[in-house]
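Residue numbers (UniProt numbering): 1 to 92.
What follows is the structure, given as structure tokens:
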């Protein structure tokens, strides 16, 4: 297997060096770190604590209720305005 040379900033190199085990090469270190890193975006889903999930659900329900009430009020206003305009048109 071939090798590649990569450039690292000094601070990144020092951070990697600090995580490197005594008997580990930098290649082994990178391999270990990459194995620990997941690329599956679904990995973190479902990790909320129960009370955090309950709070989030309550906030979402409240938001839906407020949105629904706001839409209902705007619909009533629009219907009233249409009725008023219709009555004005008939008297004209």
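C-beta: ideal position from N, C-alpha, C; glycine also.
All values reported here derive from a predicted model rather than from experimental measurement.
CB of residue i within 8 Å of CB of residue j, strictly
i	j	result
residue 20	residue 8	no
Alpha carbon of residue i to alpha carbon of residue j, nearest angstrom
i	j	result
residue 3	residue 17	19 Å
residue 61	residue 70	14 Å
residue 58	residue 40	28 Å
residue 63	residue 6	49 Å
residue 67	residue 80	20 Å
residue 52	residue 82	45 Å
residue 25	residue 47	34 Å
residue 74	residue 34	53 Å
residue 43	residue 37	10 Å
From the options, residue whose alpha carbon lies closest to that of residue i
i	options	result
residue 1	27, 22, 23, 15	27
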